[in-house]
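The structure under discussion appears below in the form of structure tokens.
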Amino acid sequence: DGYRNTNQVSDDYRYQDGNYEAPNDGYYRGGEEPAQEEDAQSDVTEGHDEDDEVYEGEYQGIPHPDDIKEKQKKRGPAMDDEYRDRADLMAERMEDEEQLAHQYENIIEECGHGRFQWTLFFVLGLALMADGVEVFVVGFVLPSAEKDMCLSSSNKGMLGLIVYLGMMVGAVLLGGLADKLGRKQCLIISLAINAAFAFLSSFVQGYGFFLFCRLISGLGIGGTLPIVFAYFSEFLSREKRGEHLSWLCMFWMIGGIYASAMAWSIIPHYGWGFSMGTKYHFHSWRVFVLVCALPCIASLVALKFMPESPRFLLEIGKHDEAWMILKQVHDTNMRAKGEPERVFTVSYIKTPKQVDEFIEIQSSTGTWYQRWLVRITTTLKQVWDNVLYCLTAQYRMNTLMLAVVWFTMALSYYGLIVWFPDMIRYFQDEAYESRVKIFDEEEVSHFTFNFTLENQIHRNGEYRNDKFIGMKFKEVKFEDSLFEDCYFEDVRSSETFFENCTIISTVFYNTDLYEHKFIDCRLINTTFMNEKEGCHIDFEEDNDFLIYLVSFLGSLSVLPGNIISALLMDKIGRIKMIGGSMLISAVCCFFLFFGNSESAMIGWQCLFCGASIAAWNALDVITVELYPTDKRATAFGILNGLCKFGAILGNSIFSSFVGITKVVPILLASSALVGGGLLALRLPETREQVLM
1 DGYRNTNQVS DDYRYQDGNY EAPNDGYYRG GEEPAQEEDA QSDVTEGHDE DDEVYEGEYQ
61 GIPHPDDIKE KQKKRGPAMD DEYRDRADLM AERMEDEEQL AHQYENIIEE CGHGRFQWTL
121 FFVLGLALMA DGVEVFVVGF VLPSAEKDMC LSSSNKGMLG LIVYLGMMVG AVLLGGLADK
181 LGRKQCLIIS LAINAAFAFL SSFVQGYGFF LFCRLISGLG IGGTLPIVFA YFSEFLSREK
241 RGEHLSWLCM FWMIGGIYAS AMAWSIIPHY GWGFSMGTKY HFHSWRVFVL VCALPCIASL
301 VALKFMPESP RFLLEIGKHD EAWMILKQVH DTNMRAKGEP ERVFTVSYIK TPKQVDEFIE
361 IQSSTGTWYQ RWLVRITTTL KQVWDNVLYC LTAQYRMNTL MLAVVWFTMA LSYYGLIVWF
421 PDMIRYFQDE AYESRVKIFD EEEVSHFTFN FTLENQIHRN GEYRNDKFIG MKFKEVKFED
481 SLFEDCYFED VRSSETFFEN CTIISTVFYN TDLYEHKFID CRLINTTFMN EKEGCHIDFE
541 EDNDFLIYLV SFLGSLSVLP GNIISALLMD KIGRIKMIGG SMLISAVCCF FLFFGNSESA
601 MIGWQCLFCG ASIAAWNALD VITVELYPTD KRATAFGILN GLCKFGAILG NSIFSSFVGI
661 TKVVPILLAS SALVGGGLLA LRLPETREQV LM
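Mapping of the sequence shown onto UniProt numbering: position 183 corresponds to residue 183, and the numbering continues sequentially without gaps.
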């Protein structure tokens, strides 16, 4: 045997161009090396397999030259990637991704669906609940915040839209970063931004700073929706994906119910707060803002104990980390099922070829801010490349069709969601005005008014030597009237005006009857003393109970739609679910022509929300499934950002027609839903598709 091995060594040397050349097989054949010590003899018993894995104690001998050539041929392409065309590298990567997609599906099926997925379900559900809460917060606090901050109508409108603007930017930016930095890391960043600025907004006093805090808070929470769905989908098998993503959507409904219930129980208690001097006031609506941040904080804490998406880790070449997480998922589910002896059989997972390598900058290169600037610009460029990739030939048509469907759905849904409460308030105002009391040519003298006057019009009246003490005017108008030798003290008013009146020898002490409330009046020997401080704007007296009730019922009404969509998502498919739900919602819009009362509008709102929720759920699912892992959160973020842009337009357009006509909002919403629903039927069905 020793003789045969010696001959094999000599045969491995080949004569080329007059020189002897040793094969490049990794073995040293120098003849002058000293004899090995006894402890080193065991090294001879180490051999190498095709993957360079070392098995101690197994002698494999010196490899044959043919084996060496084959080995070098396999390793050759990896050595000269820098000289290969990028198209070839991308083609190889796409082939690897396809193999990984099918292997990963089998691995997730082996891991099973159990305790791990349900734990992640509730953690991510809290994040989605925080997104639902954010939509309602500003609408609930406006009636109280407008008094504290003295907000005009334009200020209130800007505050309502600024949250959607922040969510639009956050969805695109943080969704794109999630495909580069990881789902868990970006979701933590998103929730941390939202929690920090929501907490801060409850303490700030000025309108400008409050507006800025809600903008950044919206930016943070805007990233949760694309990340949550991309994150959770990568732990689900094909058979479970549609159903459980739909169940996850229920947390958005729970967020709306939570916000409505908290507003109902906290905001009316105006004394729940404190004051520091005359400038700083912390009223009950600020307590409500703090309470609304709790789901976000809870999700942020729980997320610390959850792992990164293994599918994302495989995409960036981190095989060992992904394998450990998948083993954790498998073992957690098997222990919960009472089968701890089940072994995770996967030993190797295909990883796609890494084309774009991020090279870490050495600490000695430049200053710290230059290094960070390079890192940030490089990452943002990669995000922008991902955005452009969604518009390449392979995905362009799907992206454009999905964009139209998302936009039309958002335009009609968010437009009507704002229009319903405005119409209910309009019906209330009409009913209130119909009960107005009109007094003509009344004469009152030597009388003391110490009670509230409400919803009245006084024309051509004469008031002499009268006292108005400790009282309130609410929706009162005096026209062409005379006030002579009267005394007003400690008077509060809202929507009260004096038009073309004559006021003689009258004293106003400690009142809020400011100069702008006297229109074309003649003031003769009249004195204003110690006027009330504070905001000079009159605010409408909103029925807070009705606002909370309408939002509560609207959120609760989507429960049947959520259940139906979850149970049928994998049976009838995503496309039929979107098209059917949008067309049914369009039909519901036409019934709004018959909504001529508050109760009718509330009923049609509940019906519309319940019918449209299935389309939202199916849109979330199909958007996740149509794009590959390294573009999934980016594409979802782009489409969700477009959705928020549609919400801004819908809010602005629909609210402008309140009290003018119902025809335009109803026709606009129904036509958008019909067009989007018909276009959705041309999208590819994805329920039998593995996640690429």
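The beta carbon of each residue, even a glycine, is placed where N, CA and C say it ideally should be.
Task: Start and end residues, alpha helix (DSSP H) containing phenylalanine 312 - done: Looking at the DSSP string, the run of the alpha helix (DSSP H) that includes phenylalanine 312 is 310-315.
- [ ] Could you pull out every residue in the same chain whose Cβ sits closer than 6 Å to the Cβ of glycine 218, ignoring the five residues on either side in sequence?
- [x] Val163, Gly166, Met167
Task: histidine 283, DSSP secondary structure in three states - done: coil
- [ ] Provide the residue span of the beta strand (DSSP E) that contains isoleucine 227, from first to last.
- [x] Isoleucine 227 -> not in any beta strand (DSSP E); alpha helix (DSSP H) instead, spanning 224-233.
Open item on the list: Do lysine 474 and glutamate 308 have their beta-carbon atoms positioned less than 7 Å apart in this structure?
Closed with: no
TODO: Look up asparagine 398 in the DSSP assignment and say whether it is helix, strand or coil.
DONE: helix
Task: According to DSSP, residues forming a beta bridge with histidine 516 - done: Answer is none; histidine 516 lacks a bridge partner.
Task: Residue environment, methionine 529, which counts as buried when at least 16 other CB atoms sit within 10 Å - done: Exposed, by the Cβ-count rule.
Task: Classification of methionine 397 by the beta-carbon crowding that lies within 10 angstroms, buried from 16 upward - done: exposed
Open item on the list: Out of Ala302, Leu187, Ser652, which one is the CA nearest neighbour of valine 418?
Closed with: Ser652
Open item on the list: Let me confirm a value: phenylalanine 209 is counted as buried when at least 16 other C-beta atoms fall within 10 Å, else exposed. Which label applies?
Closed with: Phenylalanine 209 should be labelled exposed.
Open item on the list: Considering just the uninterrupted stretch of the beta strand (DSSP E) at phenylalanine 344, what are its terminal residues?
Closed with: Run containing phenylalanine 344: none; DSSP gives neither H nor E here.
Task: Whether alanine 263 touches phenylalanine 282 by CB criterion (7 Å) - done: no
Task: Terminal residues of the beta strand (DSSP E) in which histidine 458 lies - done: 453-459
Task: Per-residue DSSP class, three states only, for aspartate 440 - done: strand
Open item on the list: Please report the straight-line C-alpha distance between proline 143 and glycine 554, rounded to a whole angstrom.
Closed with: 20 Å
Task: Residue from Arg286, Leu174, Cys249, Phe235 with nearest C-alpha to serine 201 - done: Arg286
- [ ] If I'm right that asparagine 460 touches histidine 446 with Cβ under 8 Å, what's the distance once you round it to whole angstroms?
- [x] Contact doesn't hold; Cβ gap of about 20 Å is too wide.
Task: Assigned secondary structure, lysine 318 (DSSP; H/G/I helix, E/B strand, else coil) - done: coil
Open item on the list: Rounded to whole angstroms, what is the Cα-Cα separation between methionine 569 and histidine 113?
Closed with: 18 Å
TODO: Just list the alpha helix (DSSP H) runs in the stretch 564-606, keeping only unbroken ones of 4 residues or longer that don't cross its boundaries, in chain order.
DONE: 574-590
Task: Proximity below 7 Å, CB of proline 560 to CB of glycine 610 - done: yes
Task: glutamine 99 vs lysine 350 beta-carbon contact at 7 Å - done: yes
Task: Beta-carbon contacts of threonine 527 that lie in its chain and below 6 Å, excluding the five residues immediately before and after - done: Val507
TODO: Look at the alpha carbon of glutamine 689 and the alpha carbon of glutamate 625, and state the distance between them as a whole number of angstroms.
DONE: 8 Å
Task: Where the alpha helix (DSSP H) containing isoleucine 648 begins and where it ends - done: 629-655
TODO: Flag this pair as yes or no: are the beta carbons of residue 693 and methionine 409 separated by less than 7 Å?
DONE: For residue 693 there is no data in the structure shown, the boundaries of the chain being 1 and 692.
- [ ] Tell me, please, which residues DSSP counts as bridged to lysine 477.
- [x] Ile457, Phe497
Task: Range of the contiguous alpha helix (DSSP H) that encloses tyrosine 348 - done: Here tyrosine 348 belongs to no alpha helix (DSSP H), and DSSP marks it neither H nor E.
- [ ] Compare the Cα-Cα distances from asparagine 596 to each of Gly415, Val137, Gly206, Lys662 and report the closest residue.
- [x] Lys662
Open item on the list: Starting from isoleucine 188, trace the alpha helix (DSSP H) in both directions and tell me its first and last residue.
Closed with: 183-201
Open item on the list: Cutting at 6 Å between CB atoms, please list the residues of its own chain near methionine 250, excluding the five before and the five after it.
Closed with: Counting only residues of its own chain and dropping the five nearest sequence neighbours on each side, methionine 250 has a CB closer than 6 Å to the CB of Asn562.
- [ ] Could you check how far apart the C-beta atoms of proline 310 and alanine 293 are, in whole angstroms? I think they sit under 8 Å.
- [x] 31 Å between Cβ atoms; not a contact.
TODO: List the endpoints of the continuous alpha helix (DSSP H) containing valine 507.
DONE: Note, valine 507: premise wrong, no alpha helix (DSSP H); beta strand (DSSP E) at 507-509.
Open item on the list: Measuring only the C-alpha atoms, how far is arginine 632 from serine 581?
Closed with: 24 Å
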